[in-house]
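Have a look at the structure below, then the notes.
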Amino acid sequence: MKPVENGNEAYKKIVLFLKRRSRGVTIADLCAGTALPLSLARELLPKAADEYRGALEVTGSGEILYSFPHGFTSRYHGPGAIFKRFSSRLIEYLGITGAFLFKIWIMVMLVGYFVLFLAIAIGSLFLSMAAQSNSKGNNRRGSVRFTASPFSMLWRLWFYSELTRPYKTHVNQKPPKKNRRAMHKAIFSFVFGEPDPNKNWKEREHKAVIAYIQGNRGTISLGEYMAFSGKNSADAEEDLLSFCVLFHGSPEVTAEGTIVYYFDELMLRADKQKFAELSPPVQRLKQFSGNPKTMNVWFIIINAVNLIFGSYFIYHSLATGLLVLEEQFQSASYLYAYTQLLLYQITANPLPVITMGLGLIPLLFSILFWIIPALRHFLEARENEKILTKNFKRLGFSRIWANPLNFGTDRLDFKIAECRPKNTDAAGDRVIKEMGAHSTPEVTISPEGKTLFSFVELEREKKALQQYRQEIDSSRWQLGETVFDSRQALP
Numbered sequence: 000m001k002p003v004e005n006g007n008e009a010y011k012k013i014v015l016f017l018k019r020r021s022r023g024v025t026i027a028d029l030c031a032g033t034a035l036p037l038s039l040a041r042e043l044l045p046k047a048a049d050e051y052r053g054a055l056e057v058t059g060s061g062e063i064l065y066s067f068p069h070g071f072t073s074r075y076h077g078p079g080a081i082f083k084r085f086s087s088r089l090i091e092y093l094g095i096t097g098a099f100l101f102k103i104w105i106m107v108m109l110v111g112y113f114v115l116f117l118a119i120a121i122g123s124l125f126l127s128m129a130a131q132s133n134s135k136g137n138n139r140r141g142s143v144r145f146t147a148s149p150f151s152m153l154w155r156l157w158f159y160s161e162l163t164r165p166y167k168t169h170v171n172q173k174p175p176k177k178n179r180r181a182m183h184k185a186i187f188s189f190v191f192g193e194p195d196p197n198k199n200w201k202e203r204e205h206k207a208v209i210a211y212i213q214g215n216r217g218t219i220s221l222g223e224y225m226a227f228s229g230k231n232s233a234d235a236e237e238d239l240l241s242f243c244v245l246f247h248g249s250p251e252v253t254a255e256g257t258i259v260y261y262f263d264e265l266m267l268r269a270d271k272q273k274f275a276e277l278s279p280p281v282q283r284l285k286q287f288s289g290n291p292k293t294m295n296v297w298f299i300i301i302n303a304v305n306l307i308f309g310s311y312f313i314y315h316s317l318a319t320g321l322l323v324l325e326e327q328f329q330s331a332s333y334l335y336a337y338t339q340l341l342l343y344q345i346t347a348n349p350l351p352v353i354t355m356g357l358g359l360i361p362l363l364f365s366i367l368f369w370i371i372p373a374l375r376h377f378l379e380a381r382e383n384e385k386i387l388t389k390n391f392k393r394l395g396f397s398r399i400w401a402n403p404l405n406f407g408t409d410r411l412d413f414k415i416a417e418c419r420p421k422n423t424d425a426a427g428d429r430v431i432k433e434m435g436a437h438s439t440p441e442v443t444i445s446p447e448g449k450t451l452f453s454f455v456e457l458e459r460e461k462k463a464l465q466q467y468r469q470e471i472d473s474s475r476w477q478l479g480e481t482v483f484d485s486r487q488a489l490p
């Protein structure tokens, strides 16, 4: 007798056989076409259905028919799948690196420019006071006097009020140190938001599904999984086929012709805790920022200061230009003239430094500092609306599954904030439509005039699933007493 082929060779033979078939196949067809053992064919055919997005049908005799309406483009292998994985990882790594460098740049720009502009403003304030004092007495040759402008008057008044405010007031306004957030984390939270609360969603969902399967005799049906996940029938079927591959499950057919996914090996567990109730997990909404509102307001103010100073310097650099003569200094805005005097100490032409370094760069940064949170707020609002719709579907499907007959859309009114999209009527219609794609409802009108939907096929699926579970022999899942302990074998 020919030795049994290994798993890789057998799987290749199965895929080659499936590609030659224009119609669906049963396990028996596969064995006849490949001469593979029945157990191996039963194990590998769901794997092929998962990789090539296969579909399941039940024949009149109660056999499962595997078909492949999407062709044989692999989801996991081949140039397309490899490029997709590589590009997604590359984008992820570039995103992490870019975000890290961008965060450093933002921290330096926001705080650095704010401190620089404050230093320039305070220095010009003291120089202005000294110049005014000198002008009352000796007007020495070569001294430079500056004219006051509305901008100068405003920042002088603001700085005077800030510098003369009692120190105790500032201290009392600070929150307790243990409740305060680090400055850089608070800035990043304002610009980039908080970490994704659903980052480990797949893991959470898988754990919940496994716990539910283990609490229900190792079985789950397509309609039941739809009620658990909120996915339509096509996506739910793909998920369950992937589960069969990952956790050694297999599609089975009940006496009534209902497909049930059976995971026998998941029941061999030492932990006896059960989670038998259908309780769909709910995704959490994204948060714009974890900072207190007052802190975000201060970031807006700081950025506004940078924006004002940047606009001021670029305007005067273009309108006034380079100051050389004493008359030019005396007629120029005080702060602009003082800044040029200061820069004359380190460069012969301070105009490019003012135009680019103190004008254009902080101006563009300040605009960007506001655009990113504004754009993120818009995108997060759209994502949160999608999350609300998904959560709505999960609870909607679960309520239909709980009571498939005479179901009214008024039962799709949820009080949970995470499950209320803006247009609940449209979301309710979508729930009925997608569940109807799996089980066509019978529509009736109640005496009160309400439209009622009876998902008769879903009710049959529930009863068939319950009957199938009752007939499962659970005695083989009992682990029994420990007969060997490696710790006792140690000398």
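The sequence shown begins at 0 in numbering that gives the first Met the number 0 and counts up one residue at a time.
The C-beta atom is built at its ideal place from N, Cα and C for all residues, glycine as well.
- Task: For Val455, I'd like the list of residues in its chain whose CB is within less than 7 Å of its CB, leaving aside the five on either flank, ordered along the chain.
- Result: Exclusion of the five residues before and after Val455 leaves Glu441 as the residues of its chain whose Cβ lies within less than 7 Å of its Cβ.
- Check Glu379 in the structure and name its three-state DSSP category. Three-state result, Glu379: helix.
- Item | Which listed residue (Ala463, Leu37, Ile13 and Phe16) has its alpha carbon closest to that of Val252 | Nearest C-alpha to Val252: Ala463.
- Please confirm whether Met497 and Ile186 have their CB atoms less than 8 Å apart. No answer is possible for residue 497: it lies beyond the span of the chain, which begins at 0 and ends at 490.
- Query: Hey, would you say Arg88 sits closer than 8 Å to Arg74, going by beta carbons?
  - Reply: For the 8 Å CB-CB criterion, Arg88 and Arg74 do not form a contact.
- Thinking just about the alpha-carbon of each residue, which of Gln465, Lys292 and Lys392 is nearest to the one in Lys432? That would be Lys392, whose Cα lies nearest to the Cα of Lys432.
- Taking just the CA atoms, how far does Glu236 sit from Trp476? Here the alpha carbon of Trp476 sits roughly 27 Å from the alpha carbon of Glu236.
- Item | Classification of Tyr10 by the beta-carbon crowding that lies within 10 angstroms, buried from 16 upward | Its Cβ being crowded by 16 or more others within 10 Å, Tyr10 is buried.
- Looking at Phe396 and Met266, is the spacing between their C-beta atoms short of 8 Å? Their beta carbons are not under 8 Å apart, which means Met266 does not touch Phe396 by this criterion.
- State yes or no: is the C-beta of Val57 within less than 8 Å of the C-beta of Gly256? Between Val57 and Gly256, the gap from beta carbon to beta carbon is short of 8 Å.
- Cα-Cα separation, Arg398 to Arg381: Rounded to whole angstroms, Arg398 to Arg381 spans 26 Å at the Cα level.
- So Asn383 and Lys285 are in contact, right, with Cβ under 8 Å, and what is the actual spacing, rounded? The Cβ separation is near 6 Å, so the contact holds.
- Query: Rounded to a whole number of angstroms, what is the C-alpha to C-alpha distance between Glu470 and Lys449?
  - Reply: Roughly 39 Å separates the two Cα atoms.
- Would Tyr65 be called buried (16 or more neighbouring beta carbons within 10 Å of its own) or exposed? Here Tyr65 is buried: its Cβ has 16 or more other Cβ atoms, across all protein chains shown, within 10 Å.
- Task: Please classify Val442: does DSSP put it in a helix, a strand, or coil?
- Result: Under the three-state reduction of DSSP, Val442 is assigned to strand.
- Item | Assigned secondary structure, Glu50 (DSSP; H/G/I helix, E/B strand, else coil) | Helix, per DSSP.
- Query: Which residue spans inside the segment 196 to 281 form an unbroken alpha helix (DSSP H) run of at least 4?
  - Reply: For secondary structure counted as the alpha helix (DSSP H) over 4 or more consecutive residues, the segment 196 to 281 holds these complete runs in sequence order: 200 to 213, 221 to 228 and 232 to 245.
- Evaluate the contact criterion for the segment 236 to 246 versus the segment 32 to 50: three or more CB pairs, one atom per stretch, below 8 Å. Yes, the segment 236 to 246 is in contact with the segment 32 to 50.
- Query: Does the ligand GDP have a heavy atom nearer than 7 Å to the CB of Gly70?
  - Reply: Of the ligands one can find in the structure shown there are none, so the ligand GDP has no counterpart to examine.
- Message: If contact is defined by three or more beta carbon pairs under 8 Å, each pair taking one atom from either stretch, is the segment 294 to 314 in contact with the segment 352 to 371?
- Response: Because the criterion of three Cβ pairs below 8 Å is met, the segment 352 to 371 and the segment 294 to 314 touch.
- Task: Measure the alpha-carbon distance for Leu578 versus Ser86 and round it to whole angstroms.
- Result: Because the chain in this structure spans residues 0 to 490, residue 578 falls outside the shown range and cannot be described.
- Query: Across which residues does DSSP place Phe452 in a beta bridge pair?
  - Reply: Phe406 and Val442.
- Length of the line joining the Cα atoms of Val143 and Ala318: Low per-residue confidence applies at Val143: pLDDT is 48, beneath 50, and the placement is therefore not dependable, though the value from the model is reported in the following sentence. Roughly 21 Å separates the two Cα atoms.
- Task: Please go through the same chain and pick out, in chain order, the residues whose beta-carbon is closer than 7 Å to the beta-carbon of Gly229, but skip the five residues on each side of it.
- Result: Pro279, Lys389, Lys392, Arg393 and Phe396.
- Message: Assuming Leu317 is part of the beta strand (DSSP E), what are its boundary residues?
- Response: Per DSSP, Leu317 lies in no beta strand (DSSP E); the unbroken alpha helix (DSSP H) holding it starts and ends at Lys292 to Ala318.
- Item | Ile299 to Pro291 span [Cα, whole Å] | Roughly 13 Å separates the two Cα atoms.
- Residue nearest to Arg41 in terms of C-alpha spacing, selected from Ala347, Ser288, Tyr337 and Tyr261: Checked all of Ala347, Ser288, Tyr337 and Tyr261; the closest Cα to Arg41 is Tyr261.
- Same chain, Cβ closer than 7 Å to Leu350, neighbours up to 5 away in sequence not counted: Same-chain partners within the cutoff: Ser316, Gly320 and Leu321.
- Please check the pair Tyr314 and Ser123, which I expect to be a contact at CB under 8 Å, by giving their CB distance rounded to whole angstroms. Tyr314 to Ser123, Cβ: 17 Å. No contact.
- Message: By the three-class DSSP mapping on this structure, what secondary structure does Leu341 have?
- Response: The three-state reading of DSSP puts Leu341 in helix, counting H, G and I together.
- Query: Going by other Cβ atoms of all chains shown within 10 Å of its Cβ, with 16 needed for buried, is Thr218 buried or exposed?
  - Reply: Counting C-beta atoms within 10 angstroms of its own C-beta, Thr218 has 16 or more neighbours from the protein chains shown and is therefore classed as buried.
- Query: Given Ala416, which residues of its chain have a CB within under 6 Å of its CB, disregarding the five upstream and five downstream residues?
  - Reply: Taking Ala416 as the centre and dropping the five residues before and after it, the same chain places no C-beta closer than 6 Å to its C-beta.
- Note down the Cα distance separating Asn197 from Ile90, rounded to an integer number of angstroms. A direct Cα-to-Cα measurement between Asn197 and Ile90 gives close to 19 Å.
- Kindly indicate which residue of Glu223, Leu357 and Phe452 has the alpha-carbon position closest to the one of Asp409. The option with the nearest alpha carbon to Asp409 is Phe452.
- Query: Does the beta carbon of Asn215 come closer than 8 Å to any beta carbon on chain D?
  - Reply: The structure shown contains no chain D; it is built from a single protein chain.
- Query: Can you give the Cα-Cα distance for Phe189 and Val110, rounded to whole angstroms?
  - Reply: Straight-line measurement puts the Cα of Val110 at about 14 Å from the Cα of Phe189.
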